[in-house]
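**Q**
In full-length UniProt numbering, the protein residues as written are 1 to 547.
1) Give me the Cα-Cα distance between residue 250 and residue 207, rounded to the nearest whole angstrom.
2) Smallest Cα separation from residue 504: which of 460, 474 and 514?
3) Could you check whether residue 76 and residue 129 sit closer than 8 Å to each other, using their CB atoms as the reference points?
4) Helix, strand or coil: how does DSSP classify residue 97 here?
5) Using three-state DSSP, classify residue 41 as helix, strand or coil.
6) Just to confirm the assignment, what range does the beta strand (DSSP E) spanning residue 222 have?
7) To the nearest angstrom, report how far apart residue 202 and residue 474 are at their CA atoms.
8) Taking residue 463 as the reference, which of 284, 274, 240 and 175 has the closest Cα?
9) Assuming residue 337 and residue 302 are in contact, meaning their beta carbons sit under 8 Å apart, how far apart are those beta carbons, in whole angstroms?
10) Using 8 Å for Cβ pairs, my map puts residue 442 next to residue 419. What's the rounded Cβ distance?
11) Kindly indicate which residue of 109, 51, 168 and 161 has the alpha-carbon position closest to the one of residue 140.
12) Give the straight-line distance between the Cα atoms of residue 14 and residue 160, rounded to the nearest whole angstrom.
13) State yes or no: is the C-beta of residue 407 within less than 8 Å of the C-beta of residue 346?
14) The beta strand (DSSP E) with residue 358 in it runs from where to where?
15) Leaving out five residues before and five after residue 204 in sequence, what residues of the same chain have Cβ atoms less than 8 Å from its Cβ?
16) Nearest-angstrom Cα distance between residue 484 and residue 335?
17) Determine, using beta carbons only, whether residue 112 and residue 143 come nearer to each other than 8 Å.
18) Using a 10 Å radius around the Cβ and a threshold of 16 neighbouring Cβ atoms, would you call residue 219 buried or exposed?
19) Look at the alpha carbon of residue 377 and the alpha carbon of residue 360, and state the distance between them as a whole number of angstroms.
20) Take the Cβ of residue 492 as the centre, count every other Cβ of all protein chains shown within 10 Å, and call the residue buried at 16 or more, exposed below.
21) Just checking: is the beta-carbon of residue 161 within a distance shorter than 8 Å of some beta-carbon in chain B?
22) Where does residue 532 fall in DSSP's three states?
23) Does residue 346 come out as helix, strand or coil in the three-state DSSP assignment?
24) Could you tell me whether the segment 258-277 touches the segment 363-374, where touching means 3 or more Cβ pairs closer than 8 Å?
25) Could you tell me the boundaries of the beta strand (DSSP E) in which residue 233 lies?
26) Locate the beta strand (DSSP E) running through residue 548, then write down its first and last residues.
27) Go to residue 405, then tell me how far its beta strand (DSSP E) extends in each direction, as first and last residue.
28) How long is the line joining the alpha carbons of residue 305 and residue 414, rounded to whole angstroms?
29) Excluding sequence positions up to five away, which residues of its chain have a Cβ less than 8 Å from the Cβ of residue 166?
30) What are the residues that DSSP puts in a beta bridge with residue 54?
31) Please work out which residues of its chain come closer than 7 Å, Cβ to Cβ, to residue 396, disregarding the five sequence neighbours upstream and downstream, and give them in chain order.
32) Given a cut-off of 8 Å on the beta-carbon distance, is the pair residue 2 and residue 10 in contact?
33) Look up residue 335 in the DSSP assignment and say whether it is helix, strand or coil.
34) From the DSSP output, in three-state form, read off residue 177 for me.
35) Rounded to whole angstroms, what is the Cα-Cα separation between residue 526 and residue 405?
36) Can you give me the start and stop residues for the beta strand (DSSP E) that residue 510 sits inside?
Below is the structure:
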């Protein structure tokens, strides 16, 4: 049996392949089939349609019709073919499959927060497991009339495929290269902490990662404060518009919230009901990025083509933030600011969507062009002593800059040949500024030596790190899957020449370093534009390839 658009039913001889009959199913002229399932024991097929119709088609060509409130997204049948589940919108309806019509197994539909994509019955029909666009998996008890008994979070992408063998559940997604395996028989008293339910990728952390801040999914008009030690939400902060970016001043205990309206709200973490409002510039464009200097005394607000630098002074209960000390505009046509960092003495480092990179000295109104990237600058981070800065771009190229000389010392590039994801998402310097930790879109975290530019370690974490910050002995990161990663990093004083950080990884690493005797680019820019051909390396590129 085959069903085509418009509800045309064709019956074929399976042994000869010849068409036996063909006729139109009534009431389906304006619909297209979206899914189907075969119930072999009863010799019938169930077909779902684009406008909510369900058709039960028997081997003799006869059919029965049922109408659902929305497009039928999937149909699944239980192992013994006694139950049928149909997904439409945010609902799943369970039918008795062994009847001669569409008779409901339960009075109520199984309702979800987001569109449902998949379902599977347990072998004994005691439970049904569903997966949704909301990146979570729900477990329902059929013996208790659809009671929700568990929610499994952490897939990180819409759950579009489910398979159940005994008590082992496997979940997959059309938009993810990995599988998740779950044991449904675990003791729920010892359930692992819920991951951070951030679906935006816009996060901030404080208190060594014990608290995570992210916008509410959907309208993004609230900031959720998540206690990662308890795996639970502990507060919500209302905003007047959609949240675009977040920054935390750890020492001053302040949360900066940038909005699509261009306004920045400042919440004292010890008194969140008291709010300071920083109005947008006259253009009232959405804010793109924010950055605090290491002393948390200056705040840089970046819009498409303008940067504001403000002073932050202590006050109770709210900080004192006056009008901007400095305002300057970019001069790159058709390019917008894509990343920003602020240093002491009102110096601002900013990258553009075009790959251009600049250091702007606000008190002297002087701009120092740095060697541009080939594509969009996605990450800027300064060292704790503000001697170094790291820039990363969407082609995975990183440069380690000497801010005193305004020139890069090392150019590093790490990428996996098998990954379709490239680019640098986030980075941070270790507390002692000896190492740089970098989170990439290819689901890896890399560790680099600041002095030599050498790659020291690679950690594959199965998700993109949204934010990374140093700890006393390593780093902590939030990931796209909502997990908090805490890693210790130790580097011996001497490293064997045989050590290869890519030994077990199919990846490529290229490092270039600059000659120490080259002229100061700050002086060169004062004399005129410098050709990029003047840049040389003091050693051959280190190509480390594991096939």
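Backbone N, C-alpha and C fix where the C-beta goes; we use that ideal spot for every residue, glycine too.
**A** According to the structure shown:
1) Locating residue 250 in the chain shown gives position 250, where the first residue counts as 1. Locating residue 207 in the chain shown gives position 207, where the first residue counts as 1. Rounded to the nearest angstrom, the two C-alpha atoms are 7 Å apart.
2) For the purposes of this step, residue 504 is taken as the residue at position 504 of the chain shown. Of 460, 474 and 514, the residue nearest in Cα terms is 460.
3) Here residue 129 refers to the residue found at position 129 when the chain shown is read from its first residue. Here residue 76 refers to the residue found at position 76 when the chain shown is read from its first residue. No, the pair does not count as a contact, with Cβ atoms beyond the cut-off.
4) Working through the chain shown from its first residue, we reach residue 97 at position 97. Note: residue 97 maps to coil in three-state DSSP.
5) Numbered from its first residue, the chain shown carries residue 41 at position 41. Residue state, collapsed to three classes: helix.
6) Numbered from its first residue, the chain shown carries residue 222 at position 222. Annotation for residue 222: the continuous beta strand (DSSP E) segment containing it runs 222-227.
7) Position 202 of the chain shown, counting from 1, holds the residue named residue 202. Position 474 of the chain shown, counting from 1, holds the residue named residue 474. Across the structure, residue 202 and residue 474 are spaced so that their CA atoms are roughly 22 Å apart.
8) If you number the chain shown from 1, residue 463 lands on position 463. If we check each option's Cα against that of residue 463, 175 comes out closest.
9) Locating residue 337 in the chain shown gives position 337, counting from the first residue. Locating residue 302 in the chain shown gives position 302, counting from the first residue. Confirmed, Cβ separation roughly 4 Å.
10) Locating residue 442 in the chain shown gives position 442, where the first residue counts as 1. Locating residue 419 in the chain shown gives position 419, where the first residue counts as 1. Confirmed, about 4 Å.
11) Here residue 140 is taken as the residue at index 140 of the chain shown, counted from 1. Nearest option by C-alpha distance: 109.
12) The residue you call residue 14 lines up with position 14 of the chain shown. The residue you call residue 160 lines up with position 160 of the chain shown. Residue 14 and residue 160: Cα-Cα distance of roughly 31 Å.
13) Looking up residue 407 in the chain shown gives position 407. Looking up residue 346 in the chain shown gives position 346. The answer is no: Cβ separation not under 8 Å.
14) On the chain shown, residue 358 is found 358 positions in, with the first residue counted as 1. Its beta strand (DSSP E) spans residues 357-361.
15) Residue mapping note: residue 204 aligns to position 204 of the chain shown, counting from 1. So the qualifying residues of the chain are 212, 213, 214, 246, 247, 248, 255 and 467.
16) As a position in the chain shown, residue 484 is number 484, starting the count at 1. As a position in the chain shown, residue 335 is number 335, starting the count at 1. For residue 484 and residue 335, the distance between alpha carbons rounds to 34 Å.
17) On the chain shown, residue 112 is found 112 positions in, with the first residue counted as 1. On the chain shown, residue 143 is found 143 positions in, with the first residue counted as 1. No. Outside cutoff.
18) The sequence position of residue 219 within the chain shown is 219, counting from 1. Counting Cβ neighbours within 10 Å, residue 219 comes out exposed, since fewer than 16 surround it.
19) Here residue 377 refers to the residue found at position 377 of the chain shown. Here residue 360 refers to the residue found at position 360 of the chain shown. Using only the alpha carbons, I get a separation of about 16 Å.
20) The count along the chain shown starts at 1 and reaches residue 492 at position 492. Answer is exposed; the Cβ neighbour count stays below 16.
21) Going by chain labels, chain B is absent from the structure shown, which holds only one protein chain.
22) As a position in the chain shown, residue 532 is number 532, starting the count at 1. Confidence is the limiting factor: at residue 532 the pLDDT is only 32, short of 50, which leaves the residue's position unreliable, though a coordinate-based value still follows. Three-state DSSP puts residue 532 in a helix.
23) By 1-based counting over the chain shown, the position of residue 346 is 346. Helix, per DSSP.
24) Because the criterion of three Cβ pairs below 8 Å is not met, the segment 258-277 and the segment 363-374 do not touch.
25) Counting from one through the chain shown, the residue named residue 233 turns up at place 233. From DSSP, the beta strand (DSSP E) with residue 233 extends over 232-238.
26) Because the chain is modelled from 1 through 547, residue 548 falls outside the range shown and cannot be assessed.
27) In the chain shown, the residue the question calls residue 405 occupies position 405. Counting along the chain, residue 405 falls outside any beta strand (DSSP E), and DSSP gives it neither H nor E.
28) Position 305 of the chain shown, counted from the first residue, corresponds to residue 305. Position 414 of the chain shown, counted from the first residue, corresponds to residue 414. Taking the straight line from one Cα to the other gives about 31 Å.
29) Here the question's residue 166 lines up with position 166 in the chain shown. Within the same chain, Cβ atoms closer than 8 Å to the Cβ of residue 166 are found at 123, the five residues on either side in sequence being excluded.
30) Within the chain shown, residue 54 is the residue found at index 54, counting from 1. In the DSSP output, where bridge partners are listed per residue, residue 54 has 48 and 66.
31) On the chain shown, position 396 is the one that residue 396 refers to. Taking residue 396 as the centre and dropping the five residues before and after it, the same chain places the C-beta of 413, 414, 415, 422, 423, 424 and 440 closer than 7 Å to its C-beta, in chain order.
32) Taking the first residue of the chain shown as 1, we reach residue 2 at position 2. Taking the first residue of the chain shown as 1, we reach residue 10 at position 10. Judged by beta-carbon spacing, residue 10 lies within the 8 Å limit of residue 2, meaning their Cβ atoms are closer than that value.
33) Taking the first residue of the chain shown as position 1, residue 335 is located at position 335. Here DSSP, grouped into helix, strand and coil, assigns residue 335 to coil.
34) Position 177 of the chain shown holds residue 177. Note: residue 177 maps to coil in three-state DSSP.
35) As a working note, residue 526 is residue 526 in the chain shown. As a working note, residue 405 is residue 405 in the chain shown. Low confidence applies here, because residue 526 scores a pLDDT of 38, under 50, leaving its location unreliable and the question unanswered by this model.
36) Against the chain shown, residue 510 aligns to sequence position 510. For residue 510, the enclosing beta strand (DSSP E) starts and ends at 508-513.
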